[in-house]
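Letter by letter, the sequence shown follows residues 1 to 457 of the UniProt record's numbering.
Even glycine gets a Cβ: it sits at the ideal position worked out from N, Cα and C.
As the structure is a prediction and not an experimental result, all values here were calculated from the model.
Comments concern the structure below.
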Amino acid sequence: MLVSSTSTQTQPGGNEVNSSFSLKLLFTDKLRRSKFPFQLFPTFQRFSLSFQQRPQDVELRARESRELFGKNIPSDELYYVNKLLYGKELPSLSIDERAEKLASEKNFDIKGHIFTADGEELRSARIVRVGLVQNRIVLPTTSPIGDQRAAIHDRVRDLVYAAALVTSMFSVFRKFGVDMPFAFCTREKLPWCEFAESAEDGVTTMFCQELAKQYNMVIINPMLERDYGDVIWNTAVVISNNGKILGKTRKNHIPRVGDFNEVSIVVPLMSTYYMESTLGHPVFVTPFGKIAVNICYGRHHPQNWMMYGINGAEIVFNPSATVSGLSEPLWPIEARNAAIANSYFTCAINRVGTETYPHEFSSGDKKQPHNEFGHFYGTIGEVLGQICSSYIAAPDGSRTPGLSRIRDGLLIADMDLNLCRQTKDIWGFKMTQRLDLYAQSLTEACKPNYKPQLTGE
């Protein structure tokens, strides 16, 4: 990997530095000529191979790599490396002491960051505070269904209380974050379908309504929905700060990859658990801003992100359940790209932990039958300042670091939503979008006799 740039810019503190540098992360001439200890190069090699290792080992390698990175790259060059990885430097958000104490007592991470916008004469700042919750299941998957759900509720209650202590306006959970393990790898119906419940009056929805009203916050609850006709859906319920349901959205794109057996492998067009949404791309108008939910696998589809922007979203949440080795290289890129392309804020949230199931299951990627699913990465520890993480990205391309890879956590951020329109004015992406051009092309591409526009001899 090569990172390069040539310019003269001003570093924080006012020092002008030349950013002309060439940095290879693995075995580069630049690092060989520096004071970087040659015997420690294997640390980077070990990290590059560590996605299949134990989560504890990955976190250790990540910390080692970050320490070496910071110690052996000159500060002026490190400044520009971080600028490429994170965009502009974000101020830290002060965390209430009571929340920090609760996090320590209950063993979860808590971090905070601030996204700013330029001051305007005719509009006041529109600052909202968002809390992203990453958590693991609490009890073994062999425990009674009711006990598993109740234990997750108890855990989530602590995390939401911490969010309330720092006056968050939104709390958002990872995919199936409040109700169940991610059992869809097994392709078994019982007992896992017993976790499905009504989006309108199920026990998890009512639990979230109670929290929303108690703490005056909007809560997004990604869940397994069973509708009135006993059809099951991957749904997210949006609950207003008064405890009332604003509405729901469902997953538009269902994966057919690896252990994600959410559709039938034998009959690819049939659903094993739930079907694709027919609800479109709804945007929910809350007292704090216009929000949307792009559920899990939908993040791999740029058109999915685009439609939420067309419908006016200012923040798009992406509650996910995804594992190391499969999607981790994509994770730090997709939501950040979506924020840039659509001039809104994005929030990517994953679960953590490895889940073990009673019966072995097989994959679509030639793995031997196995009982474990994971590791779900909330983050990739602290490598290079926590690049792969449950993170928040802004329309100007800046983004937060994350939390622990192996612990529950709460990521807090202040966002000035004025940055959305300011970024649109600067880049003009919506003005130059040419939807009419693509509408015509896509209409043709949907026809069964479509012929690609290829030109050659």
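Per DSSP, reduced to three states, the secondary structure at residue 225 is strand. Non-local beta-carbon contacts of residue 153 in its own chain, meaning distances under 6 angstroms to residues more than five positions away in sequence, involve 207 in chain order. Looking at the DSSP output, residue 236 bridges to 222 and 249. Under the DSSP assignment, residue 306 falls in the alpha helix (DSSP H) whose first and last residues are 302-310.
Inclusion of residue 162 and residue 220 in the CB contact set at 8 angstroms is not warranted, their separation being larger than that value.
Between the region 306-314 and the region 288-297 there are three or more inter-stretch CB-CB distances shorter than 8 angstroms, so the stretches are counted as touching. For residue 204, the CB contacts under 8 angstroms within the same chain, skipping 5 residues up- and downstream, are 149, 153, 178, 179, 197, 221 and 223 in chain order.
Collapsing the DSSP output to three states places residue 342 in a helix.
Membership of residue 276 in any beta strand (DSSP E) is not indicated, and neither H nor E is assigned to it by DSSP. When the Cα atoms are used, residue 213 and residue 117 turn out to be separated by approximately 30 angstroms. Proximity to residue 126 across 227, 421, 276 and 141 peaks at 421, based on C-alpha coordinates. DSSP places residue 296 within a helical segment (H, G or I) once states are collapsed to three.
Shown here for residue 225: same chain residues with a beta carbon closer than 6 angstroms to its own, the five before and five after excluded, namely 199, 233 and 235 in chain order. Taking one beta carbon from each stretch, the region 330-348 and the region 432-445 have fewer than 3 pairs nearer than 8 angstroms; the two do not touch. Burial is judged here by how many other beta carbons sit within 10 angstroms of a residue's own beta carbon; residue 248 has at least 16 and is buried. Between residue 241 and the set 253, 184, 300 and 164, the nearest pair of CA atoms involves 164.
For residue 74, the three-state secondary structure derived from DSSP is coil.
Collapsing the DSSP output to three states places residue 357 in a strand. Straight through space, the alpha carbons of residue 320 and residue 297 are spaced by roughly 7 angstroms. Here residue 352 carries a coil assignment [DSSP, helix/strand/coil]. Contact holds between the region 404-413 and the region 93-111, because three or more Cβ pairs, one in each stretch, are under 8 angstroms apart. For residue 344 and residue 430, the gap between their C-alpha atoms comes out near 12 angstroms. For residue 103, the enclosing alpha helix (DSSP H) has its first and last residue at 97-106. A Cβ-Cβ separation of about 6 angstroms places residue 114 in contact with residue 90 under the 8 angstroms criterion.
In the DSSP assignment, residue 318 forms a beta bridge with 348.
A distance below 8 angstroms between beta-carbons, with the five flanking residues on each side excluded, links residue 157 to the following residues of its chain, in chain order: 211. With distances taken between CA atoms, residue 130 lies nearest to 413 out of 441, 413 and 457.
Residue pairing of residue 132 in beta bridges, as defined by DSSP: 172 and 411. In this structure, the straight-line span from the alpha carbon of residue 397 to that of residue 342 is close to 11 angstroms. Closest by C-alpha distance to residue 340, out of 426, 159 and 322, is 426. Of 303, 362 and 184, the smallest CA-CA separation from residue 442 is found for 303.
One Cα belongs to residue 318, the other to residue 155, and the distance between them is close to 21 angstroms.
Of the candidates 416, 446 and 191, the residue whose Cα lies closest to the Cα of residue 124 is 416. Counting along the chain, the unbroken alpha helix (DSSP H) around residue 161 starts and ends at 145-165. Burial check for residue 454: the Cβ neighbour count within 10 Å stays below 16, so the residue is exposed. Checking the DSSP bridge columns, you'll see residue 92 partnered with 113.
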